[in-house]
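Residue numbers (our numbering): 39 to 247.
Some notes on the structure that comes next.
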Amino acid sequence: MPLRLIALTGGIGAGKSTVARMLTDRGARLIDADELARRVVDPADDRGRAVLAAIAARFGDDLIAPDGTLDRARTADRVFSDPDARAAYNAIVHPALRKATVDAIETLRTAQDDGVVAHEIPLLTADTGSLPWTYDLVVTVEAAAEVRADRLVSGRGYSPEHAWARIVAQGDETARIAIADVVLRTDGDRADTARSVTELWSRLHSVTG
Ligand SMILES: CC(C)(COP(=O)(O)OP(=O)(O)OC[C@H]1O[C@@H](n2cnc3c(N)ncnc32)[C@H](O)[C@@H]1O)[C@@H](O)C(=O)NCCC(=O)NCCS
Ligand SMILES: Nc1ncnc2c1ncn2[C@@H]1O[C@H](COP(=O)(O)OP(=O)(O)OP(=O)(O)O)[C@@H](O)[C@H]1O
Numbered sequence: 039m040p041l042r043l044i045a046l047t048g049g050i051g052a053g054k055s056t057v058a059r060m061l062t063d064r065g066a067r068l069i070d071a072d073e074l075a076r077r078v079v080d081p082a083d084d085r086g087r088a089v090l091a092a093i094a095a096r097f098g099d100d101l102i103a104p105d106g107t108l109d110r111a112r113t114a115d116r117v118f119s120d121p122d123a124r125a126a127y128n129a130i131v132h133p134a135l136r137k138a139t140v141d142a143i144e145t146l147r148t149a150q151d152d153g154v155v156a157h158e159i160p161l162l163t164a165d166t167g168s169l170p171w172t173y174d175l176v177v178t179v180e181a182a183a184e185v186r187a188d189r190l191v192s193g194r195g196y197s198p199e200h201a202w203a204r205i206v207a208q209g210d211e212t213a214r215i216a217i218a219d220v221v222l223r224t225d226g227d228r229a230d231t232a233r234s235v236t237e238l239w240s241r242l243h244s245v246t247g
């Protein structure tokens, strides 16, 4: 079977990373959009510096920390409280992120042209239609917004305001479910989630493509 590229999307705090880990435990390889989004603003890299300069030109130098890295907390405050700022920020960062993703897919394909690659990508719906790659299966990981907010506050130390700002920034689940082939609900406990991942893994091995 050729390489199958799976989108793993879902609302913040629903459990994408948990599901991704369960898939990699079963042998999938992973591309993490959040991690690539950190790399594209790495000041140690020429392209990263160019992205940081574009952010500073649009938003001001106060988003750049004294050591030249992105001040992530300040950036989050700006972009998660203001949809126009978020769109402007995404317009700067997302082209670099897309390029990094194409490179990552190619690198994995060159290393091994079969198996499952999971692409953990929180913002899939915002970009659908303009992506320079195609998925064999789109999976969205979903739990009720209140459950996700509780997890972000108790598990990740977010304040309730920060948790809700991000949940709201991502829109509701309707758009994600509309583009998904599989909706993996994680309102239950981790054992329930593990069972759903086992089913998904079987399905991935019965999909040709
Ligand atoms: C705004 C930034 C600096 C905040 O950094 P921070 O370290 O606090 O958060 P982190 O990057 O770990 O993201 C955590 C979660 O926030 C959500 N999130 C991140 N960026 C966005 C965004 N632009 N819009 C909506 N939700 C987002 C995602 O669910 C993500 O998993 C950072 O998230 C960023 O650079 N975002 C833009 C790049 C992007 O779109 N990333 C998502 C990958 S698809
Ligand atoms: N049934 C469950 N399935 C998955 N995760 C769960 C479940 N119950 C509790 N959790 C917890 O929810 C938290 C959020 O999970 P995770 O970090 O995987 O979310 P995420 O969707 O990747 O978030 P982000 O969008 O920030 O990357 C974790 O602490 C995880 O252990």
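Built from N, CA and C at the ideal position, the CB exists for glycine as well.
Comparing alpha carbon positions, the residue from Arg186, Pro81 and Ser55 closest to Ile102 is Pro81. Boundaries of the beta strand (DSSP E) harbouring His157: Val154 to Glu158, taken from the DSSP string. Each residue's CA atom was taken as its position, placing Ile93 and Ile130 some 7 Å apart.
Counting only the Cα atoms, Ala95 lies some 22 Å from Ala138.
Closest in alpha carbon position to His200, among Ile69, Leu162, Arg77 and Thr113, is Thr113. Glu180 has Arg223 as its beta-bridge partners, per DSSP. The beta carbon of Tyr196 is closer than 7 Å to those of Leu190 in its chain, skipping five residues each way along the sequence. Bridge pairing for Gly48: Val179 [DSSP].
Of the residues His243, Trp239 and Asp70, the one whose Cα lies closest to the Cα of Leu61 is Trp239. Not one heavy atom of ligand 2 sits closer than 7 Å to the Cβ of Ile93.
Secondary-structure assignment with DSSP links Leu108 through a beta bridge to Ile102. Put simply, of Trp202, Arg147, Ala183 and Phe118 the residue whose alpha carbon is nearest the alpha carbon of Trp171 is Arg147. Here the alpha carbon of Ala183 sits roughly 28 Å from the alpha carbon of Leu242.
Cβ neighbours of Val221 within its own chain (closer than 7 Å, five residues either side excluded): Thr178, Glu180 and Ile215. Here Glu158 really is in contact with Ala71; their C-beta atoms are around 6 Å apart, less than 8 Å. Excluding residues up to 5 positions away in sequence, Met39, Pro40 and Leu41 lie with their Cβ nearer than 7 Å to the Cβ of Asp152 in the same chain. For Asp70, the three-state secondary structure derived from DSSP is strand. For Ile69, the shortest separation between its Cβ and any heavy atom of ligand 1 does not lie below 7 Å.
The residue from Ala232, Val57 and Ser119 with its alpha-carbon nearest to that of Leu68 is Val57.
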